[in-house]
Amino acid sequence: ALNYFRELELWDEVVTCYQLMSKPHRAELVVRDRLKFGETPYMLTSLADLTQKEDLYERAWQISNGRFPRCMRTLAKICHDRGEFENCCKYLDRALSVQPL
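According to our numbering, the sequence shown is numbered sequentially starting from 1.
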């Protein structure tokens with residue numbers, strides 16, 4: 001599947017394949033290369049997942065004009081794991097405003 005995705009230049013799927021194959025370094029290389037051509041919410045969120053840089057989730061939300069809930073769900077989970085429940089609720093509300101359960 002990875003080779004087909006590369007051939008078709010489906011970069012989001014290429015990154016996902018590398019992550020599923022437990023090859024985060026290769027996934028990060030693809031993400032950084034694609035970001036040279038422009039920022040997308042998916043690529044920024046993937047880079048944030050790979051580097052644990054939380055500001056990238058906020059940037060992804062910003063450039064998506066508040067339309068990419070995955071970055072907010074991930075921030076909510078991070079806050080929940082830390083016990084920051086007020087921030088968790090804030091981020092989860094934002095995600096649910098775009099994609100209700």
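Every residue, glycine too, gets a C-beta built ideally from N, C-alpha and C.
These figures come from a predicted structure and were not determined experimentally.
- In the structure shown, K23 falls within a coil segment according to DSSP collapsed to helix, strand and coil.
- The beta carbons of E54 and I78 sit closer together than 8 Å.
- In this structure, the beta-carbon distance from Y91 to M72 falls below 8 Å.
- About 10 Å separates the beta carbons of V31 and L56, which is beyond the 8 Å limit, so they are not a contact pair.
- When rounded, the separation of the alpha-carbon atoms in A60 and R94 is 13 Å.
- Taking the C-beta atoms as reference points, R70 is found nearer than 8 Å to T45.
- Rounded to whole angstroms, the Cβ separation of R6 and V14 is 6 Å, and the two are in contact under 8 Å.
- If you draw a straight line from the Cα of A27 to the Cα of Q19, it is about 6 Å long.
- Rounded to whole angstroms, the gap between the alpha carbons of C17 and L10 is 11 Å.
- By the neighbour-count criterion, in which 16 or more other beta carbons inside 10 Å mark a residue as buried, D49 falls on the buried side.
- Rounded to whole angstroms, the gap between the alpha carbons of E86 and V98 is 19 Å.
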